[in-house]
Every structure is written in C-alpha cells, then in structure tokens.
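Top to bottom, those sequences are chains A and B. Quick note: the first sequence uses the numbering used here, first residue 40, plus one each step. Quick note: the second sequence uses the numbering used here, first residue 40, plus one each step. Here is the structure we will look at.
2 protein chains.
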Amino acid sequence: MPRPKTIDRTAILQAALDIADTGGVPALSMQAVATRLAVTPMALYRHVANKADLLDGIVELLMAEIMADAPAPDPDGGRDAWLDALIRTAGRARAVASRHPAAFTLLLSRPAATTAAREVRAHIHGLLRQAGVGGEHVERLERIVTTTVLGMAAGQASDRFAHHAPGVLDEDVRALARFVTAGIEPFRSSEERVSPAGVSRAGRRASR
Amino acid sequence: MPRPKTIDRTAILQAALDIADTGGVPALSMQAVATRLAVTPMALYRHVANKADLLDGIVELLMAEIMADAPAPDPDGGRDAWLDALIRTAGRARAVASRHPAAFTLLLSRPAATTAAREVRAHIHGLLRQAGVGGEHVERLERIVTTTVLGMAAGQASDRFAHHAPGVLDEDVRALARFVTAGIEPFRSSEERVSPAGVSRAGRRASR
DNA sequence: ACCTGAACACCGTTCAAGT
DNA sequence: ACCTGAACACCGTTCAAGT
C-alpha cells in the first residue's frame, strides 16, 4: 500500500532557501532542511539527488524569481524599449539579491545550465538584438553584461560592499546603468534595427 | 622548553590553496590541510582562528598574486598608459583565475577588507584617476570595473562558461576590454588630466 | 511508493594534557 | 610556545527495513 507523499522537490528547495536566508549558506545542511520539513534527512534523497543538486535547485529558483513578471520583449515599444527592459531586469535581479543575499552568491559560482538560467540568457539576447548588437557579439555581450549585473547585485547584497551606506549603493545602480549602456555602444550597428523610423542614437537617456 | 615550530600561517594557506586547486573547494577541510602538513587538525588553530579565517587568507593570497609584478602607475607613460595598465591587470587576474579556478570563486563571495585587496583597489583607483575619471566617481567605478573583470575571470575559469571553446574565451577577453573602455568613457572629464599636452580622447585604441 | 533507523566515514571545534 | 589525544556535536550518504 503506497504511502501518501508528504514532501516534494519544491517544498525542499523552498525550505532550503529559507534556511540560507536566515542562517547563511553554512547553515544550509540536509539535516536542517529535513528538520524544517519534519522529516528524516534520508527522506530528501527521493526528491533531490544529493546536496549539489539541491544547490542547483536553489539557483534555478532564484533565476525564475528574476524572470517572474518580466514582460516579453516588445518590438514596437519605441526606440529605447530595450534599455528600459534591461534596466528593469537589472532591478529585479537586485531585488532578488536583497531578498536572498546569502543564496544569491551561488548564482556566480555554479554553472547556469538549467531552464530558468537559459530563459534569462534568451531574454538578454533579445534585448541586445533589439539594441542593434551584431549577431556575432550577442552571446559574448550577454556573458559580460550578466556577469556585471549579477556580480554587482551580489556584491551589494553580501558583505563585499557592506561598509557602504544605502545611498552610496543607490548611486552605484545609476552609475551601473550608465556604464553598461556606454559599454554596449561600440557593439551596436549604426542603423537602428528595431525602429526603422528612428534616426538618433538610442541609449543616450540613461547615460546622462 | 619551547618546541620548535613546525608549521606557520603561510604554509597552512599554501597547503589549503593546493588542496582547493586539486580537489575543489568541497575537498578543502581542516583535516585535509593538516594531513598534507603531517600534523593534527588542532595544530592549525594556533595559526588560523578558524576555517573562515583560513578562507579569507586564501583570498589574500590570490589578491597578492594578482598584484605581483604590477608596475607602479606611471604618470609620464603617455596618454593611454592607464589603459595598458588596466588591461594588463585584467590579464593577471585571468591568469591567476586559470591557475586557481576553484579558489578564485571565493574572491567574489567574501568581503575584501584585507591589505592585498585594498592594494588592488588603490591600484585601480590610480588608473581611473589617470584616465580622467572625476573624484566622486572613482570608487564607484572601481567597484563596477573590478566586479566585471573578476567576475568574467571567475566565470571563464570555473564551470560557468565551461561549454565554450578556448578561442571563444579569448575573443571574450577582447570584447571585455572594449566594453570596459567604452563603459568608463562617460565618467571621464573632457580635458586630459594626466598628460597636459594630450588633446585627442584616449581610450579609443582598445575600443576599436 | 515513500519514509525511517541504524550505521559509516567524515566534519569543525573545545579542552586538558604533554613536551 | 607549540603540538597531541580524546571528546562533542554535527555532517553527507549508504543500505536494509518498515508501511
């Protein structure tokens, strides 16, 4: 007679994320997760392969949270639509990082081969293409931009920049937008690819 | 009668780095370090406060390795001296990352309050000032540039970008130089601050 | 099918003891 | 001053057993 299922993978990942949020990554043990779910540690192994798999699952959760409510790229959204979307995506990453500061560092230390991670990449690819970035540079630039944005979000949320006041970090965000916008510039083709009517260069707004 | 000292802090840190290089961060335990030094785990505690202190010591070692042989900023080195120096520093960071791929991820997850870390920051500050970056933006831009350069070096050395061929990564390095150079541009004052004779904008070379 | 209990080989860290 | 031995409370993971 089959037992009723008492836990599942998402419950495990959610509990693990909660533990990391409260006690930091060092507190994140299989036993701690099991205790929080009122279950034996060994019960977890039916739903996650091992601890590495559990950590990858957390990364997946965070990636999905970054993409949550992200509007699909809007080709008719005006000349600078891609820039607005990019800045909003960076803002969501920062929000997720401040909700889960400890777990967020996992994003930069583990390979991003999961579905949600691929979605984030595809999202950025689309925005860069909208900005007129040449096809041979889209993936390359995505790696650079993603690293910068996630790295800054992680640094701000963790202890790495901890000695700074909140106002300093807000100013950092504005500077980051200018930096990324200007950094992309040399990779854009001179004619606008998205809005055929556009004549002036896009991207100036956030850089000043 | 005092015993002869058999180990010291640097020996411990070096052994720890070796272990991380061979077996990854998970293999890095106090017991493994002790065994490699032919000593009891408890002997380590006279030289490092605890495991967190040991990890911070490794970060210190890596930072020092990045700064090793870095020439002092040369104010008379021509208009683009700062850019050459910045690119070479990034190159050294990348070399250290490929020598110590596993340990390198620690650089981005731990606060950088040690001496060597401060030296790296001061080095970058000097280069940015040479580039004509306004004083109110120097520290901010250092955080952004350092995050980008270290993050890319870590990503290339770890599993995060592992699915790419070496040639792709070489091309990434060139794109990174263009990106950073262009990203800094809006923060530079229009008149050159370092070479009074200079008239044309510096930094164009690497961005094209 | 899903969870438990007992067991194994490890962890980081303490304390008192040896030289 | 520096290292050891024994001990404690934890780890991740296995295997066979229960329902």
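Quick reminder that beta carbons are idealized off the backbone N, C-alpha and C, glycines included. Quick caveat: nothing in here was measured; it's all calculated off a predicted structure.
Legend entry - Whole alpha helix (DSSP H) elements within the region 83-122 of chain A, 4-residue minimum: 90-106
Legend entry - Simplified DSSP state of V184 of chain A, which is helix, strand or coil: Here residue 184 of chain A is taken as the residue at index 145 of the first sequence, counted from 1. Of the three classes helix, strand and coil, the one that applies to V184 of chain A here is helix, per DSSP.
Inset, instruction - Count the CB pairs spanning the region 157-177 of chain B and the region 179-190 of chain A that are closer than 8 Å, and state whether there are at least three. - result: no
Inset, instruction - Can you check the region 129-164 of chain A for any alpha helix (DSSP H) of at least 4 residues that lies completely inside it and give the ranges in chain order? - result: 140-143 and 145-148
Legend entry - chain B contact residues for L125 of chain A, given Cβ-Cβ distances below 8 Å: For the purposes of this step, residue 125 of chain A is taken as residue 86 along the first sequence, with counting starting at 1. Within 8 Å Cβ-Cβ: nothing; L125 of chain A doesn't reach chain B, min ~14 Å.
Legend entry - At least three beta-carbon pairs within less than 8 Å, the region 74-82 of chain B to the region 122-134 of chain B: no
Legend entry - Min CB distance H162 of chain A to chain B below 8 Å: If you number the first sequence from 1, residue 162 of chain A lands on position 123. With 8 Å as the cut-off, H162 of chain A does not count as an interface residue toward chain B.
Inset, instruction - List the residues of chain A that I183 of chain B touches, going by C-beta distances under 8 Å, in chain order. - result: Counted from its first residue, the second sequence places residue 183 of chain B at position 144. Under the 8 Å cutoff, chain A gives T187, M191, D211, A214, L215 and F218.
Inset, instruction - Determine, using beta-carbon pairs with one atom in the region 188-198 of chain B and one in the region 133-146 of chain B, whether at least three such pairs fall under 8 Å. - result: yes
Legend entry - Beta carbon of G112 of chain B nearer than 8 Å to that of L166 of chain B: Counting from 1 along the second sequence, the entry for residue 112 of chain B is found at position 73. Counting from 1 along the second sequence, the entry for residue 166 of chain B is found at position 127. Residue identity differs from the one stated: residue 112 of chain B is Pro in this sequence, not Gly. Taking 8 Å as the Cβ cut-off, P112 of chain B and L166 of chain B qualify as a contacting pair.
Legend entry - L146 of chain A and L101 of chain A closer than 8 Å at C-beta: Here residue 146 of chain A refers to the residue found at position 107 of the first sequence. Here residue 101 of chain A refers to the residue found at position 62 of the first sequence. For L146 of chain A and L101 of chain A, yes; Cβs fall inside 8 Å.
Legend entry - Neighbouring residues, chain B, relative to E224 of chain A (Cβ below 7 Å): Within the first sequence, residue 224 of chain A is the residue found at index 185, counting from 1. Neighbours of E224 of chain A on chain B, chain order: A221.
Inset, instruction - Determine the burial state of T187 of chain B: buried for a count of at least 16 other Cβ atoms within 10 Å of its Cβ, exposed for fewer. - result: Locating residue 187 of chain B in the second sequence gives position 148, counting from the first residue. With 16 or more Cβ atoms within 10 Å of its Cβ, T187 of chain B is classed as buried.
Legend entry - Simplified DSSP assignment, three categories, for R199 of chain A: One-based indexing of the first sequence puts residue 199 of chain A at position 160. The answer is coil: DSSP assigns R199 of chain A none of H, G, I, E or B.
Legend entry - N- and C-terminal bounds of the alpha helix (DSSP H) containing T61 of chain A: On the first sequence, residue 61 of chain A is found 22 positions in, with the first residue counted as 1. T61 of chain A -> alpha helix (DSSP H) spans R48 to G62.
Legend entry - Under 8 Å from the C-beta of G194 of chain A: neighbouring residues of chain B: In the first sequence, the residue the question calls residue 194 of chain A occupies position 155. Under the 8 Å cutoff, chain B gives L147, R182 and T186.
Legend entry - Exposure of S228 of chain A, with buried meaning 16 or more beta-carbon neighbours within 10 Å: Here residue 228 of chain A refers to the residue found at position 189 when the first sequence is read from its first residue. With fewer than 16 Cβ atoms within 10 Å of its Cβ, S228 of chain A is classed as exposed.
Legend entry - Any C-beta of chain A under 8 Å from that of H139 of chain B: As a first step, residue 139 of chain B must be located in the second sequence, where it is residue number 100. H139 of chain B does not count as touching chain A.
Inset, instruction - Could you check what DSSP says for R227 of chain A in three-state terms: helix, strand or coil? - result: Taking the first residue of the first sequence as position 1, residue 227 of chain A is located at position 188. Note: R227 of chain A maps to strand in three-state DSSP.
Inset, instruction - Using a threshold of 8 Å, state whether the C-beta atoms of V219 of chain A and G63 of chain B are closer than that. - result: Translated into the one-based positions of the first sequence, residue 219 of chain A becomes position 180. Translated into the one-based positions of the second sequence, residue 63 of chain B becomes position 24. It is not a contact, given that the beta carbons lie outside the stated cut-off.
Inset, instruction - Look up V172 of chain B in the DSSP assignment and give the residues it is bridged to. - result: If you number the second sequence from 1, residue 172 of chain B lands on position 133. B:R227.
Legend entry - C-alpha distance - R213 of chain B paired with H164 of chain A, whole-angstrom precision: Here residue 213 of chain B corresponds to residue number 174 of the second sequence, with the count starting at 1. Here residue 164 of chain A corresponds to residue number 125 of the first sequence, with the count starting at 1. Roughly 19 Å between the two C-alpha positions.
Legend entry - R179 of chain A in three-state terms, based on DSSP: Working through the first sequence from its first residue, we reach residue 179 of chain A at position 140. Three-state result, R179 of chain A: helix.
Inset, instruction - Report yes or no: do three or more beta-carbon pairs, one from the region 88-100 of chain A and one from the region 147-159 of chain A, lie closer than 8 Å? - result: yes
Inset, instruction - State the start and end residues of the unbroken alpha helix (DSSP H) segment that holds M81 of chain B. - result: Position 42 of the second sequence, counted from the first residue, corresponds to residue 81 of chain B. Looking at the DSSP string, M81 of chain B is not in any alpha helix (DSSP H), and its letter there is neither H nor E.
Inset, instruction - Please work out which residues of its chain come closer than 8 Å, Cβ to Cβ, to H86 of chain B, disregarding the five sequence neighbours upstream and downstream, and give them in chain order. - result: Position 47 of the second sequence, counted from the start, is the residue given in the question as residue 86 of chain B. If we look at H86 of chain B and ignore the five residues flanking it on each side, its Cβ neighbours are I46, D47, R48 and I51.
Legend entry - Cβ of A201 of chain A within 8 Å of any chain B Cβ: By 1-based counting over the first sequence, the position of residue 201 of chain A is 162. With 8 Å as the cut-off, A201 of chain A counts as an interface residue toward chain B.
Legend entry - Option nearest A88 of chain A by Cα separation, candidates A:M69, A:G116, A:I58 and A:S197: The residue labelled residue 88 of chain A in the question sits at position 49 within the first sequence. Among A:M69, A:G116, A:I58 and A:S197, the Cα nearest to that of A88 of chain A belongs to A:M69.
Inset, instruction - Leaving aside the five residues before and after T185 of chain B along the sequence, list all residues of the same chain whose C-beta is less than 8 Å from its C-beta, in chain order. - result: As a position in the second sequence, residue 185 of chain B is number 146, starting the count at 1. Correct list, in chain order: V159, R160 and I163.
Inset, instruction - For chain B, find out if any of its Cβ atoms is closer than 8 Å to the Cβ of A241 of chain A; answer yes or no. - result: Walking along the first sequence from the start, residue 241 of chain A turns up at place 202. Here A241 of chain A scores only 42 on pLDDT, less than 50, and its place in the model should not be relied on; the value that follows carries that caveat. No - not a single Cβ of chain B is within 8 Å of the one on A241 of chain A.
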